[in-house]
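Peer 1:
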Amino acid sequence: MSESQNESENPLGGRGNGGGPPRKPGQKAVRPRDAATLIIVRRDAAKPRLLMGRRAKGHDFMPDKWVFPGGRIDRSDFSAPYATDLTPEVTAKLTYNTPERRARALALTAIRETFEEAGLLLAKKAPERPGAGPWREFLQQGAAPDLAAMQFVARAVTPPMVGKRFDARFFMAEADRLISLERQADCGELDEIAWVDLDEALALDLPSVTRFVVREVAHRLEVPERPIPYMRFVRKGSQITHI
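In case it helps, this note's numbering puts the sequence shown at residues 70 to 312.
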């Protein structure tokens, strides 16, 4: 991991951080929950496009903000079946401070949440199988997650001054690894779904960490071997290191 560097501009905090209601006075900082997000890149137009969705206005976390599909880890993600495993390169980066079993579960979280929120399957066709809980509908599609399609592009922890905190891992995958571009019914957390190019994405109402990741994706599309930014907080403020 590369040397730490404090940033004068806080990419996770301040106005528009999208972290939900602020922490109450005297309340201890909330422990971040593990979460994962998937950035799908589509290349069948003049410019690369990213899948993004606008969160419902009444949601208590990032209402009305445009985000990538994602959410917090679920117990079922530790035992969900998959068609292909993470590549050794992704596993090596993802397991920094994270046990391998949890790292794989986080990748599965990102795939499951993308299906739930956007109705898209980053998967390979497989025999339909029974399932329980959050994975039931996914497995009923005759699909098994394609973890080998995923790249690990960023990690970010939301600031301690907000009431909801997440330790989020951001993954990226090519749209041609989806079973289909046709969306299944989604769960309703995203009011609107759109494929937007990088300039269009940056013009949307984004949480600051999402804006940071969009810019990171733009750089990574040109230089895939870039080190992975890891954004978190220390006593002196925000800190960005590289994995």
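Every residue, glycine too, gets a C-beta built ideally from N, C-alpha and C. Values in this document were obtained by computation on a predicted structure and should not be read as measured data.
Per DSSP, what are the beta-bridge partners of K194 in this structure?
Peer 2: Position 125 of the sequence shown holds residue 194. Answer is A212.
Peer 1: I need the boundaries of the beta strand (DSSP E) containing E243, first residue and last residue.
Peer 2: Within the sequence shown, the letter at position 174 stands for residue 243. First-last of the beta strand (DSSP E) with E243: 235-243.
Peer 1: Using 9 Å as the threshold, is the C-beta distance between I180 and L216 below it?
Peer 2: Residue 180 sits at position 111 when you count from the first residue of the sequence shown. Residue 216 sits at position 147 when you count from the first residue of the sequence shown. Contact: yes.
Peer 1: Assign Y137 to one of three DSSP states: helix, strand, or coil.
Peer 2: Numbered from its first residue, the sequence shown carries residue 137 at position 68. Reading off the sequence shown, one finds Phe at residue 137, where the question assumed Tyr. Three-state DSSP puts F137 in coil, outside helix and strand.
Peer 1: Beta-carbon separation of I192 and I262 under 9 Å?
Peer 2: For the purposes of this step, residue 192 is identified with residue 123 of the sequence shown, where counting begins at 1. For the purposes of this step, residue 262 is identified with residue 193 of the sequence shown, where counting begins at 1. According to the sequence as given, residue 192 is Ala; it is not Ile. No.
Peer 1: Return the chain-ordered list of same chain residues with a C-beta closer than 6 Å to the C-beta of E163, the five sequence neighbours on each side being excluded.
Peer 2: Your numbering for residue 163 matches position 94 in the sequence shown. With the sequence shown as reference, residue 163 is identified as Leu, and Glu is not the correct amino acid for it. A172, F221, listed in sequence order.
Peer 1: For the alpha helix (DSSP H) containing I262, name the first residue and the last one.
Peer 2: Counting from 1 along the sequence shown, the entry for residue 262 is found at position 193. Looking at the DSSP string, I262 is not in any alpha helix (DSSP H); the run it does join, the beta strand (DSSP E), is 259-266.
Peer 1: What's the call for S73, buried or exposed, on a 16-neighbour Cβ count within 10 Å?
Peer 2: Counting from 1 along the sequence shown, the entry for residue 73 is found at position 4. Any answer about S73 is weak, because its pLDDT of 44 lies below 50 and its placement is not dependable; what the coordinates show is given next. That one is exposed.
Peer 1: So who's on the other strand from V226, going by DSSP bridges?
Peer 2: In the sequence shown, counting from the first residue as 1, residue 226 sits at position 157. Answer is D236, bridged to V226.
Peer 1: By Cβ distance below 7 Å, which residues in the same chain neighbour Y151 in space, the five residues on each side in sequence not counted?
Peer 2: The residue given as residue 151 occupies position 82 in the sequence shown. Only L177, A213, P214, L216 meet the Cβ criterion.
Peer 1: Does the ligand MN have even one heavy atom less than 8 Å from the beta-carbon of Y151?
Peer 2: Inclusion of the ligand MN in the displayed structure is not the case, the ligand content being empty and no account of it being possible.
Peer 1: Would A183 and E169 qualify as a contact pair, given that the criterion is a beta-carbon distance under 9 Å?
Peer 2: As a first step, residue 183 is located in the sequence shown; it is residue number 114 there, counting from the start. As a first step, residue 169 is located in the sequence shown; it is residue number 100 there, counting from the start. At residue 183 the sequence reads Thr, which differs from the Ala that was named. For T183 and E169, no; Cβs fall outside 9 Å.
Peer 1: Check the C-beta distance from A218 over to R198 and give it rounded, since I have them as a contact under 8 Å.
Peer 2: Locating residue 218 in the sequence shown gives position 149, where the first residue counts as 1. Locating residue 198 in the sequence shown gives position 129, where the first residue counts as 1. That belief does not hold up - the Cβ atoms of A218 and R198 are roughly 20 Å apart, past 8 Å.
Peer 1: Going straight from the alpha carbon of A242 to that of R224, what length do you get?
Peer 2: In the sequence shown, residue 242 corresponds to position 173, counting from 1. In the sequence shown, residue 224 corresponds to position 155, counting from 1. Each residue's alpha carbon lies about 16 Å from the other.
Peer 1: What number of angstroms, rounded off, separates the C-alpha of R102 from the C-alpha of N166?
Peer 2: Here residue 102 refers to the residue found at position 33 when the sequence shown is read from its first residue. Here residue 166 refers to the residue found at position 97 when the sequence shown is read from its first residue. Rounded to whole angstroms, R102 to N166 spans 15 Å at the Cα level.
Peer 1: Cβ atoms of A237 and G122: under 9 Å apart, would you say?
Peer 2: Position 53 of the sequence shown, counting from 1, holds the residue named residue 122. Position 168 of the sequence shown, counting from 1, holds the residue named residue 237. In this structure, A237 does not lie closer than 9 Å to G122 by Cβ.
Peer 1: Could you have a look at D103 and say whether DSSP puts it in helix, strand or coil?
Peer 2: Locating residue 103 in the sequence shown gives position 34, where the first residue counts as 1. Strand at D103.
Peer 1: Along the chain, where does the beta strand (DSSP E) containing S307 start, and where does it finish?
Peer 2: As a working mapping, residue 307 is identified with position 238 in the sequence shown. Note, S307: beta strand (DSSP E), 306-311.
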